Every structure is written in structure tokens, then in C-alpha cells.
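Each remark here refers to the structure printed beneath this line.
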Amino acid sequence: VTEREAAMTDPDQAQEFVKRTGVDALAVAIGNAHGFYKGEPQLDFIRLEQIRARVEVPLVLHGASGIPDEGIRRAVKIGVDKINIDTEVRAAFQKAVASFLAENPQVIDPRKILGPAIKAMSEVVKSKIELFGSVGKA
Numbered sequence: 001v002t003e004r005e006a007a008m009t010d011p012d013q014a015q016e017f018v019k020r021t022g023v024d025a026l027a028v029a030i031g032n033a034h035g036f037y038k039g040e041p042q043l044d045f046i047r048l049e050q051i052r053a054r055v056e057v058p059l060v061l062h063g064a065s066g067i068p069d070e071g072i073r074r075a076v077k078i079g080v081d082k083i084n085i086d087t088e089v090r091a092a093f094q095k096a097v098a099s100f101l102a103e104n105p106q107v108i109d110p111r112k113i114l115g116p117a118i119k120a121m122s123e124v125v126k127s128k129i130e131l132f133g134s135v136g137k138a
């Protein structure tokens, strides 16, 4: 077993874990990681298919910030139900606040500073909802 494989979810262990614990959802490791990637992530879609075939609970993909859109679409098609993209949302917040303050250094009202940040985060979330195929779903 390579170091990379050792860090990934084993499909048989996932099946046993779900059976023994009765969890409501299962976060899988298929080459994803929290934070931004230094290079393009190499997701193991065959492993994801094997996990999906063995468990019936919703699958969660943590660390999806920076995964190319096609990789996200493929993961959703295979059966990922929940995708975490917090790093992208936080980065949009930080960039918007920094940009606003650089252009408006005299502004000290948090409501004025946070407005552009909230808008930037909302735009990221909206685009991700569309990418995930979740429009109109609750």
C-alpha cells in the first residue's frame, strides 16, 4: 500500500464502518484535502465508485475548494451528496474585505466593510450550488 492509498478511504472498511455505527453520512477521502491544493488534485474516482457501491448513506466530500469543476461534476454523478468548499468562501471574504479597505481606508463602519464580503461569499455559494446540481433542492 502506498502512502497516498493509506490516507484514502478503504471501500471495505467504509462498508463495515457504516454497518457497525449506523452513521447518517460518510465523509470519504479519495485524494481530497482541506485548504487550497498546491497542484491539481488527483481524485480516485474508481475508489469513490467502489465506496458508493458498498454504502447507501449520503457521501460527503471535504476539502473540495480548488477541485476543478469537472471533478466536482464527476463526483456528484457517482454519488457524492454533500460537498464542503469553506476555503473558497473564506478566500472570497478575505479578498473582498482587503480590496474594499485598500480603496476605502477611511471607512471604519463594519456594516460598510462587510457588505462587499457578504456579496462575494454569496456569489461563490451561488455558483457552487449551480455546479453541484442543487438548484431548487432543499
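First residue of the sequence shown: 1, per the UniProt record's numbering; consecutive thereafter. By construction, the Cβ of each residue, glycine as well, lies at the ideal position given by its N, Cα and C atoms. Keep in mind the model is a prediction, meaning the values are calculated, not measured.
Checklist entry - According to DSSP, is VAL107 helix, strand or coil? => result coil
Checklist entry - How many Å lie between VAL124 and VAL18 at the Cα? => result 32 Å
Next on the checklist: If the criterion is Cβ atoms closer than 8 Å, does the pair ILE78 and LYS128 meet it?
Outcome noted: no
Next on the checklist: The alpha helix (DSSP H) that contains ILE83, what's its start and end?
Outcome noted: No alpha helix (DSSP H) holds ILE83; the beta strand (DSSP E) holding it covers 80-83.
Item to check | Residue interval of the alpha helix (DSSP H) (run including LEU48) | outcome: DSSP places LEU48 in the uninterrupted alpha helix (DSSP H) bounded by 45-54.
Next on the checklist: I'd like the span of the beta strand (DSSP E) that includes VAL23, first residue to last.
Outcome noted: Where VAL23 is concerned, there is no enclosing beta strand (DSSP E), given that its DSSP letter is neither H nor E.
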